[in-house]
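Chemist:
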Amino acid sequence: KQEVTQIPAALSVPEGENLVLNCSFTDSAIYNLQWFRQDPGKGLTSLLLIQSSQREQTSGRLNASLDKSSGRSTLYIAASQPGDSATYLCAVPPSGGSNYKLTFGKGTLLTVNP
Amino acid sequence: DVKVTQSSRYLVKRTGEKVFLECVQDMDHENMFWYRQDPGLGLRLIYFSYDVKMKEKGDIPEGYSVSREKKERFSLILESASTNQTSMYLCASIPSVAGGTDTQYFGPGTRLTVL
Chain A
14 KQEVTQIPAA
24 LSVPEGENLV
34 LNCSFTDSAI
44 YNLQWFRQDP
54 GKGLTSLLLI
64 QSSQREQTSG
74 RLNASLDKSS
84 GRSTLYIAAS
94 QPGDSATYLC
104 AVPPSGGSNY
114 KLTFGKGTLL
124 TVNP
Chain B
89 DVKVTQSSRY
99 LVKRTGEKVF
109 LECVQDMDHE
119 NMFWYRQDPG
129 LGLRLIYFSY
139 DVKMKEKGDI
149 PEGYSVSREK
159 KERFSLILES
169 ASTNQTSMYL
179 CASIPSVAGG
189 TDTQYFGPGT
199 RLTVL
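In the order they appear, the protein sequences are chains A and B. Taking our numbering, the leading residue of the first sequence gets 14, the next gets one more, and so forth. Taking our numbering, the leading residue of the second sequence gets 89, the next gets one more, and so forth.
(1) For a test of the three-state rule: what should DSSP assign to A/PRO95, helix, strand or coil?
(2) Judging by CA-CA distance, which residue of A/ASP40, A/VAL33 and A/PRO27 is the nearest neighbour of A/SER83?
(3) With distance defined between alpha-carbon atoms, name the residue in A/GLU30, A/PRO95, A/ASN45 and A/LYS14 nearest to B/ASP190.
(4) List the DSSP bridge partners of A/ALA104.
(5) Considering only residues of the region 135–164 of chain B, which uninterrupted alpha helix (DSSP H) runs meet the minimum length of 4 residues and lie entirely inside it, listed in chain order?
(6) First and last residue of the beta strand (DSSP E) that includes A/ARG85?
(7) Could you check what DSSP says for B/GLN94 in three-state terms: helix, strand or coil?
(8) Using a Cβ-Cβ cut-off of 7 Å (strictly less than) and excluding sequence neighbours within five positions of B/ASP116, which residues of its own chain qualify?
(9) Which residues of chain A have a Cβ atom closer than 9 Å to the Cβ of B/GLN192, listed in chain order?
(10) Name the chain B residues that come within less than 8 Å of A/LYS81, Cβ to Cβ?
(11) Going by beta carbon distance, what residues of the same chain come within less than 7 Å of A/THR18, once the five residues before and after it are set aside?
(12) Shortest alpha-carbon distance to B/TYR138 belongs to which of B/LEU129, B/ASN119 and B/ARG102?
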């Protein structure tokens, strides 16, 4: 059974700092890996989706990397801003399977202090 | 932009009541999901629907049922609400589950409290 772990559970940084969020998964036979953002009391918003054939994806100040062999992904946030404060979750589909039954990590709660 | 809406942001019900949570998506997606999210447990899949009138159990279907009579609408039903069903409920949809290139689009969530 796929397990997804995110470390750290919470992170507090001053504004302007570059930071890395980590995600690890136990079964490396995945189609893709997704990163989501969740603001307090709200739904999830997709940030980046990395397909298994890709090594990284970029969107603005966000860069996500994927190393399937080691079962790891990182989300790099450059020049952090208070508006980046949220919970960040990673998710993977079942190995060899479809995209529907995602396994989510418990998330990293990020606080960017002005 | 894809829009997934949920009928209520906050809901308070009594133990034993029958509760309906509604979800509507406006992008003709085939697949829709219901999750619940609890502190320390993360997101867990309750039910999944891959077509009208078609459904599949997720990881925690006990105490819940679903209905999908129209493509755009997916309802979660708590037949007899209990206090342990107090949670944040999230609906999501995705165009296709094949290919691994599509992401799930989430609604804003319904915070349900059962007293």
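Even glycine gets a Cβ: it sits at the ideal position worked out from N, Cα and C.
Modeler: From the atom records:
(1) helix
(2) A/ASP40
(3) A/ASN45
(4) A/GLN47 and A/PHE117
(5) none
(6) 85–90
(7) strand
(8) LYS159
(9) GLN47, PHE49, LEU57, SER59, ALA104, ASN112, TYR113 and LEU115
(10) Result: empty, since nearest Cβ-Cβ is about 13 Å, beyond 8 Å.
(11) SER37 and GLY118
(12) B/ASN119
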